[in-house]
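Novice: Protein chains in written order, with our numbering: chain A, 7 to 337; chain B, 7 to 337.
Beta carbons: idealized from backbone N, C-alpha and C, even for Gly.
The structure that follows is given in the form of structure tokens.
2 protein chains.
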Amino acid sequence: MKDYDQLRQATEAGIAALDIWRNEPRSLYAPATYVLGQGGKRIRPVLAMMACQLFGKDTQEVFLPALGLEVFHNFTLLHDDVMDKAEMRHGKPTVHVKWNANAAILSGDAMFAAACSLVAQASVNCLPEVLRAFNAIALGVCEGQQYDMEFESRPDVTLAEYMEMIRLKTAVLIAGSLQIGGIAAGAGKADVRHLYDYGNKIGLAFQLQDDLLDLYADQAKFGKKTGGDIRENKKTYLFIKGLEVADEADGKRLRELFATPARSQEENDEKVIRVKALYEKTNLRSLVEKDIEDLFEQARAELSKIDATAISAQGKKILTDFVAGLLGREY
Amino acid sequence: MKDYDQLRQATEAGIAALDIWRNEPRSLYAPATYVLGQGGKRIRPVLAMMACQLFGKDTQEVFLPALGLEVFHNFTLLHDDVMDKAEMRHGKPTVHVKWNANAAILSGDAMFAAACSLVAQASVNCLPEVLRAFNAIALGVCEGQQYDMEFESRPDVTLAEYMEMIRLKTAVLIAGSLQIGGIAAGAGKADVRHLYDYGNKIGLAFQLQDDLLDLYADQAKFGKKTGGDIRENKKTYLFIKGLEVADEADGKRLRELFATPARSQEENDEKVIRVKALYEKTNLRSLVEKDIEDLFEQARAELSKIDATAISAQGKKILTDFVAGLLGREY
Numbered sequence: 007m008k009d010y011d012q013l014r015q016a017t018e019a020g021i022a023a024l025d026i027w028r029n030e031p032r033s034l035y036a037p038a039t040y041v042l043g044q045g046g047k048r049i050r051p052v053l054a055m056m057a058c059q060l061f062g063k064d065t066q067e068v069f070l071p072a073l074g075l076e077v078f079h080n081f082t083l084l085h086d087d088v089m090d091k092a093e094m095r096h097g098k099p100t101v102h103v104k105w106n107a108n109a110a111i112l113s114g115d116a117m118f119a120a121a122c123s124l125v126a127q128a129s130v131n132c133l134p135e136v137l138r139a140f141n142a143i144a145l146g147v148c149e150g151q152q153y154d155m156e157f158e159s160r161p162d163v164t165l166a167e168y169m170e171m172i173r174l175k176t177a178v179l180i181a182g183s184l185q186i187g188g189i190a191a192g193a194g195k196a197d198v199r200h201l202y203d204y205g206n207k208i209g210l211a212f213q214l215q216d217d218l219l220d221l222y223a224d225q226a227k228f229g230k231k232t233g234g235d236i237r238e239n240k241k242t243y244l245f246i247k248g249l250e251v252a253d254e255a256d257g258k259r260l261r262e263l264f265a266t267p268a269r270s271q272e273e274n275d276e277k278v279i280r281v282k283a284l285y286e287k288t289n290l291r292s293l294v295e296k297d298i299e300d301l302f303e304q305a306r307a308e309l310s311k312i313d314a315t316a317i318s319a320q321g322k323k324i325l326t327d328f329v330a331g332l333l334g335r336e337y
Numbered sequence: 007m008k009d010y011d012q013l014r015q016a017t018e019a020g021i022a023a024l025d026i027w028r029n030e031p032r033s034l035y036a037p038a039t040y041v042l043g044q045g046g047k048r049i050r051p052v053l054a055m056m057a058c059q060l061f062g063k064d065t066q067e068v069f070l071p072a073l074g075l076e077v078f079h080n081f082t083l084l085h086d087d088v089m090d091k092a093e094m095r096h097g098k099p100t101v102h103v104k105w106n107a108n109a110a111i112l113s114g115d116a117m118f119a120a121a122c123s124l125v126a127q128a129s130v131n132c133l134p135e136v137l138r139a140f141n142a143i144a145l146g147v148c149e150g151q152q153y154d155m156e157f158e159s160r161p162d163v164t165l166a167e168y169m170e171m172i173r174l175k176t177a178v179l180i181a182g183s184l185q186i187g188g189i190a191a192g193a194g195k196a197d198v199r200h201l202y203d204y205g206n207k208i209g210l211a212f213q214l215q216d217d218l219l220d221l222y223a224d225q226a227k228f229g230k231k232t233g234g235d236i237r238e239n240k241k242t243y244l245f246i247k248g249l250e251v252a253d254e255a256d257g258k259r260l261r262e263l264f265a266t267p268a269r270s271q272e273e274n275d276e277k278v279i280r281v282k283a284l285y286e287k288t289n290l291r292s293l294v295e296k297d298i299e300d301l302f303e304q305a306r307a308e309l310s311k312i313d314a315t316a317i318s319a320q321g322k323k324i325l326t327d328f329v330a331g332l333l334g335r336e337y
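Next comes the structure, spelled out in structure tokens:
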């Protein structure tokens, strides 16, 4: 049974070995190798493989579809960065900055096609089910991005709407990766469903933690200035929950601060301090930490529903250790 | 056995009946219904179904994948129009003009995902082969668009390079549609290959005819001003072949005319007249018509290689009548 490091290394090696990046015209595939070569935790393929070995199957059963999930994820980053006009990712210029918007659009399309090719190499006995899962992921992620863009210009996004958006934009792919691993392993329908629900809760918790760390991370470890979402007036869980728990006067102040366009760096630093002070009045940080904890507990409950006789204890430990580590928690 | 009109109507009805257009958020799916609702000849799904009944199978065998091919084709139009900054298509504003570039990118992505879902509904015994064909189409079309964009800024594109570009950008989808129809019908590998090669030649002939009609169409029937490619300095088969057959002085004049940015309508009309006069010196129109005729003959030869005992004479007549009609030719 393989641990996280082995699975991550297998993913790296698998991506590097894909023939497609050597196709012509090289200019079409260069952005793909650029983003896929930036490493990262490879969460999605790792989860697919961990799900597969959870049910006692060799990770090889889902290896190519797992790579497809990573390629798909990176395709969405290319297109999202064009749509969101994001200039940096992982500390490097985004594709539409390094090349241009057309390169990001078209290389993204080619990556989506390459992802489909990889997923289509699931073994034929589980192929229809794997494809159903993958295509549902793909549509869900598009729907999530659409909501995300629409929320930018809406002043009245509710917490429930925000949760539905991040479910589609983030959690569906996490849940779907586990689901595809389970399907490829030949797990029973009910167990695959529990695994999906587990992934869904975990995916939501990841996003909430992301939103939290943007403001409260240890700056030395974080690698960039904290409070980036506040500087960009981005509506995150913190902001929407913050509005929900603030009194009327503070809610108004928060809205006003988030309606101010970003100006000088000093003014922005000042704005982050003021927003943070408002958040502290309601103990927002602990409230959000509690919400993440709750999601983590709900995830745990989903996982425990899986038929214990169908899974490997070692496989479960590898999976839960990995997920707990990502969330900075212990299982 | 169904004729063209019946197959086109079945395509229209099938597209209109797809559940996906009723998904939320509606804003994501509105551009898809906008472009798919504009009708058109539905060449690709019709060809897939005609290929299926050529081998004596009911078109139902390939109906959903055929719809997927049409959705896929329309996805490529959305993205191409953004990349090419095209403002009109089929006499209507393009999606990025009617909405915005982000809508065209993201709705396009959702259409690609929807296309994958439809193709994935091929019957399980031919599913891996159908997916291989579809994924090869998808990558090929991206590669073709990349070459097309790169050729814009290259002064030295050869006729062979141009043919390879249109093979990827246009012919691969025509050929692949027939191929998928053949696979779904359970045709033999060699016959599917002949059908693909037939479609490839037909696809190339379509594009050359498109390039030709842009300048030489009967304006009353054409629905827009002729010579649009010349006005936009677009390198088409006419221009590249025109350069190849012109003497040195005329070649230089042609290059100069195509290097002039479009200005007033009068100047553009004058430019079209001057380019046309240069083309006429080498009888370019007949030369290109001959090239189309040659491709049509080559296509015919490919089709005749298919095992005659495996196909329906009526199915063959329906297919060849349709294709000949598209090319304004008799079989």
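1. Rounded C-beta distance between B:Asn141 and A:Ala119? I'm assuming under 8 Å.
2. Do B:Ile189 and B:Val198 have their beta-carbon atoms positioned less than 7 Å apart in this structure?
3. With 7 Å set as the bound, which would you pick, yes or no: does the beta-carbon of B:His85 sit closer than that to a beta-carbon of chain A?
4. For my contact list, B:Val147 and B:Thr82 are in at a C-beta cut-off of 8 Å; report their separation, rounded to the angstrom.
5. Less than 8 Å between C-beta atoms, sequence neighbours within five positions excluded: which residues of the same chain meet that for B:Ser33?
6. Closest by CA to A:Leu73, which one among A:Asp64, A:Phe61, A:Ala54, A:Gly62?
7. Which residues, in order along the region 94-114 of chain B, keep a beta-carbon less than 7 Å from a beta-carbon of chain A?
8. Could you check the C-alpha separation between A:Asp256 and A:Ala265 for me, to the nearest Å?
9. Closer than 9 Å by beta-carbon distance: list the chain A residues that pair up with B:Glu156, in chain order.
10. Is it a yes or a no for the region 203-215 of chain A touching the region 148-167 of chain A, going by three-plus beta-carbon pairs under 8 Å?
11. Roughly how many angstroms separate the alpha carbons of A:Asp220 and A:Leu42, rounded to a whole number?
12. At 4 residues or longer, and completely inside the region 137-194 of chain A: list those alpha helix (DSSP H) runs for me, N to C.
13. What's the gap between the Cα of A:Arg160 and the Cα of A:Lys247?
14. Report buried or exposed for B:Glu270, applying the criterion of at least 16 other Cβ atoms within 10 angstroms of its Cβ.
15. Between A:Phe342 and chain B, is the shortest Cβ-Cβ distance under 7 Å, so that the two count as touching?
16. With distances taken from CA atoms, which of B:Leu214, B:Val68, B:Thr100, B:Asp25 is nearest B:Leu301?
17. Step through the CB atoms of chain B and report whether any lies within less than 7 Å of the CB of A:Gln225.
18. Residues of the region 158-171 of chain B in Cβ contact with chain A at a cutoff of 7 Å, in chain order, please.
19. Give a yes or no on whether 7 Å exceeds the smallest Cβ distance from B:Gln152 to chain A.
20. Could you tell me which of B:Val103, B:Thr288, B:Ala57, B:Ala121 sits nearest to B:His79, measuring between CA atoms?
21. Mind checking who B:Lys104 pairs with in its DSSP beta bridge?
22. Tell me which same chain residues have a C-beta within less than 7 Å of the C-beta of B:Val88, skipping the five on either side of it?
23. CA-CA distance, B:Glu93 and B:Glu156?
24. Please check if any C-beta of chain B sits within less than 7 Å of the C-beta of A:Ser123.
25. Would you tell me roughly how many angstroms separate the C-alpha atoms of A:Ser123 and A:Cys132, rounded to the nearest one?
26. Once the 5 residues before and after A:Leu60 are set aside, which same chain residues still bring their CB inside 7 Å of it?
27. For A:Pro51, return the contacting residues in chain B, with the cut-off set at a CB-CB distance below 8 Å.
28. What did DSSP end up calling B:Lys241 once you bin it into helix, strand or coil?
29. Of all the CB atoms in chain B, is at least one closer than 7 Å to the CB of A:Glu149?
30. Can you have a look at B:Ile279 and say buried or exposed, based on whether 16 or more other CB atoms are within 10 angstroms of its CB?
31. Tell me the residue span of the alpha helix (DSSP H) that contains B:Lys296.
32. Drop a sphere of 10 angstroms on the beta-carbon of B:Gly194, count the other beta-carbons inside from all chains shown, and report buried for 16 or more, exposed for fewer.
33. So B:Val88 contacts chain C; which residues on that side make the cut at Cβ distance below 9 Å?
34. Is there a Cβ from chain B that is less than 7 Å from the Cβ of A:Asn141?
35. Skipping 5 residues on each side, what residues in its chain have a beta carbon closer than 8 Å to that of B:Asp9?
36. State the DSSP-derived secondary structure class of B:Met7, mapped to helix, strand or coil.
Specialist: On the basis of the supplied data:
1. Within the second sequence, numbered from 1, the residue matching residue 141 of chain B stands at position 135. Within the first sequence, numbered from 1, the residue matching residue 119 of chain A stands at position 113. About 6 Å; that satisfies the 8 Å criterion.
2. Counted from its first residue, the second sequence places residue 198 of chain B at position 192. Counted from its first residue, the second sequence places residue 189 of chain B at position 183. The answer is yes: Cβ separation under 7 Å.
3. Along the second sequence, one-based indexing puts residue 85 of chain B at 79. Yes, contact with chain A.
4. Along the second sequence, one-based indexing puts residue 147 of chain B at 141. Along the second sequence, one-based indexing puts residue 82 of chain B at 76. 6 Å between Cβ atoms; contact.
5. The residue you call residue 33 of chain B lines up with position 27 of the second sequence. Contacts found: Ala109.
6. Counting from one through the first sequence, the residue named residue 73 of chain A turns up at place 67. Answer by Cα proximity: A:Ala54.
7. Asn108, Ile111, Leu112
8. Counting from 1 along the first sequence, the entry for residue 256 of chain A is found at position 250. Counting from 1 along the first sequence, the entry for residue 265 of chain A is found at position 259. Approximately 14 Å between the Cα atoms of the pair.
9. Within the second sequence, residue 156 of chain B is the residue found at index 150, counting from 1. Neighbours of B:Glu156 on chain A, chain order: Pro31, Ser33.
10. no
11. Here residue 220 of chain A corresponds to residue number 214 of the first sequence, with the count starting at 1. Here residue 42 of chain A corresponds to residue number 36 of the first sequence, with the count starting at 1. The alpha-carbon atoms of A:Asp220 and A:Leu42 are separated by roughly 24 Å.
12. 165-172, 178-190
13. In the first sequence, residue 160 of chain A corresponds to position 154, counting from 1. In the first sequence, residue 247 of chain A corresponds to position 241, counting from 1. Their Cα atoms are separated by approximately 16 Å.
14. In the second sequence, residue 270 of chain B corresponds to position 264, counting from 1. First, the residue type needs correcting, since residue 270 of chain B is Ser and not Glu in the sequence shown. Label assigned to B:Ser270: exposed.
15. It is not possible to answer for residue 342 of chain A, since the shown part of chain A is limited to 7 through 337.
16. For this step, residue 301 of chain B is matched to residue 295 along the second sequence. The option with the nearest alpha carbon to B:Leu301 is B:Leu214.
17. Walking along the first sequence from the start, residue 225 of chain A turns up at place 219. So no, A:Gln225 is outside the interface.
18. none
19. Translated into the one-based positions of the second sequence, residue 152 of chain B becomes position 146. Yes, its Cβ sits closer than 7 Å to a Cβ of chain A.
20. Looking up residue 79 of chain B in the second sequence gives position 73. If we check each option's Cα against that of B:His79, B:Ala121 comes out closest.
21. Working through the second sequence from its first residue, we reach residue 104 of chain B at position 98. Per DSSP, none; premise fails for B:Lys104.
22. Here residue 88 of chain B refers to the residue found at position 82 of the second sequence. So the qualifying residues of the chain are His102, Ala107, Ala110, Ile111.
23. For the purposes of this step, residue 93 of chain B is identified with residue 87 of the second sequence, where counting begins at 1. For the purposes of this step, residue 156 of chain B is identified with residue 150 of the second sequence, where counting begins at 1. Going by the C-alpha atoms only, they are around 20 Å apart.
24. Position 117 of the first sequence holds residue 123 of chain A. For A:Ser123, the answer is yes, since a Cβ of chain B falls inside 7 Å of its Cβ.
25. Your numbering for residue 123 of chain A matches position 117 in the first sequence. Your numbering for residue 132 of chain A matches position 126 in the first sequence. So the two alpha carbons sit approximately 15 Å from each other.
26. Stepping through the first sequence from its first residue, residue 60 of chain A is reached at position 54. Within the same chain, A:Leu60 has close Cβ partners Ile317, Ser318, Gly321, Lys322, Leu325.
27. Locating residue 51 of chain A in the first sequence gives position 45, where the first residue counts as 1. Those within 8 Å of A:Pro51 in chain B number zero; the least Cβ separation is about 19 Å.
28. Numbered from 1 along the second sequence, position 235 holds the residue referred to as residue 241 of chain B. If DSSP states are grouped into helix, strand and coil, B:Lys241 belongs with coil.
29. Position 143 of the first sequence, counted from the start, is the residue given in the question as residue 149 of chain A. Closer than 7 Å to some Cβ of chain B, the Cβ of A:Glu149 qualifies, so yes.
30. What you label residue 279 of chain B is simply residue 273 of the second sequence in a count that begins at 1. So B:Ile279 counts as exposed.
31. Translated into the one-based positions of the second sequence, residue 296 of chain B becomes position 290. Looking at the DSSP string, the run of the alpha helix (DSSP H) that includes B:Lys296 is 290-310.
32. Indexing the second sequence from 1 puts residue 194 of chain B at position 188. It is exposed - the Cβ of B:Gly194 has fewer than 16 other Cβ atoms within 10 Å.
33. Of the protein chains in the structure, A and B, none is chain C.
34. Taking the first sequence and counting its residues from 1, the one referred to as residue 141 of chain A is at position 135. Answer yes: the Cβ-Cβ gap between A:Asn141 and chain B drops below 7 Å somewhere.
35. For this step, residue 9 of chain B is matched to residue 3 along the second sequence. Ile324.
36. For the purposes of this step, residue 7 of chain B is taken as residue 1 along the second sequence, with counting starting at 1. Here B:Met7 sits in coil by DSSP.
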